[in-house]
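Chains A and B are the protein sequences, given in the same order.
4 is the number of the first residue of the first sequence in our numbering; add one for each residue after it.
4 is the number of the first residue of the second sequence in our numbering; add one for each residue after it.
Don't be surprised by glycine CBs; every beta carbon is placed ideally from N, CA and C.
Owing to the predicted nature of the structure, the values given are computational and were not obtained by experimental measurement.
Please read the structure below before turning to the comments.
Protein chains: 2
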Amino acid sequence: MGNRRKAAIDVQGINRALGDPRRFEILQQIARGCSVACSELREQTPITPATLSHHLKELEAVGLVSLARNGKFVDVTFRREIWQRYLEALQSL
Amino acid sequence: MGNRRKAAIDVQGINRALGDPRRFEILQQIARGCSVACSELREQTPITPATLSHHLKELEAVGLVSLARNGKFVDVTFRREIWQRYLEALQSL
DNA sequence: CAATCAATTTGATGAACGTCGAATTGACTG
DNA sequence: CAGTCAATTCGACGTTCATCAAATTGATTG
């Protein structure tokens with residue numbers, strides 16, 4: 004319990020994920036709110052559902068967000084602990 | 004004088020630059036040493052001169068390294084201040 | 001059940017870009 | 001000056017990947 008270091012941070016993976024400008028914008032939007040729905044994200048950025056779904060899956064794959072089905076909707080949550088650990092890794096450069 | 008905020012950090016540009024795994028490795032190598040020559044970098048990573056030159060130019064374009072000709076050689080220097088400001092920008096996400 | 005809506009999957013397309021070989025530039029050396 | 005060496009430029013090739021339209025899944029509602 005309380006085991007904070009589960010998996011190592013995928014620094015290269017996150018680097019790559021942030022490399023796309025649109026994906027970075029989406030992440031910023033997610034980070035601003037607490038838990039957002041996909042449709043809500045799409046109100047802010049002109050993007051098709053397919054593309055948004057793709058980007059969210061990428062962000063989830065590297066651990067930056069978590070996706071939770073909520074009936075028809077999906078709640079997207081920013082995983083701030085992962086983000087912090089990523090930043091710490093970059094700090095040690 | 005002492006004007007620390009000259010130009011804004013190109014966050015998206017740096018994101019993109021870090022997106023390529025090889026380029027990130029190269030940046031790590033540069034950050035480890037103080038000032039390195041291209042040929043020195045190439046001893047650590049299997050890469051052609053052309054490709055290395057390309058990557059260094061990209062890193063320079065976003066301000067992460069500075070390149071200085073030194074006779075036949077080129078000295079590559081990690082710009083740690085820029086790196087710090089980049090990290091600060093990411094912190095505020 | 002039929003209709004609607006959120007989101008995903010699939011497949012195709014086009015653009016961005018990492019990579020290298022070959023030619024070139026520019027500096028050092030004998 | 002001729003030769004060599006570090007690095008850059010150029011051009012081409014191949015791959016990766018963001019993007020979207022269309023079809024699909026799954027949940028909600030009337």
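Burial state of residue i (16 or more Cβ within 10 Å)
i	result
B/Phe81	buried
B/Asn18	buried
B/Gly66	buried
B/Gly5	Because B/Gly5 carries a pLDDT of 47, less than 50, the predicted location of this residue cannot be relied on, and the following value inherits that uncertainty. Label assigned to B/Gly5: exposed.
Close beta carbons around residue i, own chain, < 8 angstroms, minus the five adjacent residues each side
i	result
A/Leu21	Phe27 and Leu30
A/Ser42	Phe76
A/Val68	Leu30, Ile33, Leu59, Leu62, Val79, Thr80, Phe81 and Arg82
Coil, strand or helix - residue i by DSSP
i	result
B/Ile17	helix
A/Leu96	coil
A/Gly5	Bear in mind that a pLDDT of 46 at A/Gly5, under 50, signals an unreliable position, so the model cannot answer this.
Beta-carbon proximity list for residue i, same chain, < 7 angstroms, skipping 5 on both sides
i	result
A/Leu70	Leu59, Glu63, Val77 and Val79
B/Gly36	none
A/Ala92	Ile12 and Val14
Sequence-distant residues of its chain with Cβ nearer than 6 angstroms to residue i (five each side left out)
i	result
A/Ile38	Correcting the residue type first, residue 38 of chain A is Ser in the shown sequence and not Ile. For A/Ser38, where only same-chain residues beyond five positions count, the Cβ hits under 6 angstroms are Asp78 and Thr80.
Which ranges would you report for the beta strand (DSSP E) in the stretch 30–85 of chain A if only whole runs of at least 3 residues count?
-> 38–40, 68–73 and 76–81
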